[in-house]
Amino acid sequence: DISDLPVAGLAPEWMSEKALAIGAYVVASGVTTWMCGSSPIEGSERLTKLVSEDWNDVYGATWKFEPDWQKMVDEVIAHIDAKRVALKLEEYSPTRYAKSDNYLPADYTSDEEFAKYSRTKTI
């Protein structure tokens, strides 16, 4: 089931009704989805309960709106980590997969260590 996978939908900024429709589709596919910004349905307790609780019973996923982008990112990472634990996958290590040209080495390792895995051998 898609809802068991360690994945998440994420929209750093929703700016149109089309983005909301796409978000609803992603949730209905079984992927918990976050949209940064205020909820367009926060005035309706019934709709808020529908997308944040009831959809979880039906689709195994919910729709979340979070105006604080850092909190949203933290929630997404926690969600993915929890799904990995449920599937008994090893803990994610960003340095294990550090082999792309656009990897941010200073976030996870020394420049020298990063260069060992980089295709360009530079930072």
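Quick note on numbering: the sequence shown equals residues 306 to 428 in this note's numbering. Note that beta-carbon positions come from the ideal geometry of N, C-alpha and C, so glycine has one too. If you're wondering where the values come from, they're calculated on a predicted model, not measured in any experiment.
Where Trp339 is concerned, the enclosing beta strand (DSSP E) starts and stops at 338-341. As DSSP reads the structure, Trp368 sits in a beta bridge with Thr338. With respect to Ser308, Gly328 sits apart: the two C-beta atoms are not nearer than 8 Å. Comparing C-alpha distances from Lys369 to each of Thr353, Ile382, Val363 shows the shortest one belongs to Thr353. The region 356-365 makes no contact with the region 377-397, as fewer than three CB pairs between them are under 8 Å.
Looking at the DSSP output, Ala316 sits in a beta bridge with Met340.
According to the DSSP assignment, Asp386 belongs to the alpha helix (DSSP H) that extends over 374-391. The beta carbon of Val381 sits closer than 7 Å to those of Ala313, Leu315, Trp339, all from its chain and outside the five residues before and after it, given in chain order.
Counting C-beta atoms within 10 angstroms of its own C-beta, Met377 has 16 or more neighbours from the protein chains shown and is therefore classed as buried. Inclusion of His384 and Thr337 in the CB contact set at 8 Å is warranted, their separation being smaller than that value. For Cys341, the closest of Pro317, Ala333, Ser321, Lys323 by C-alpha to C-alpha distance is Pro317. Per DSSP, the continuous alpha helix (DSSP H) segment holding Thr353 begins and ends at 350-354.
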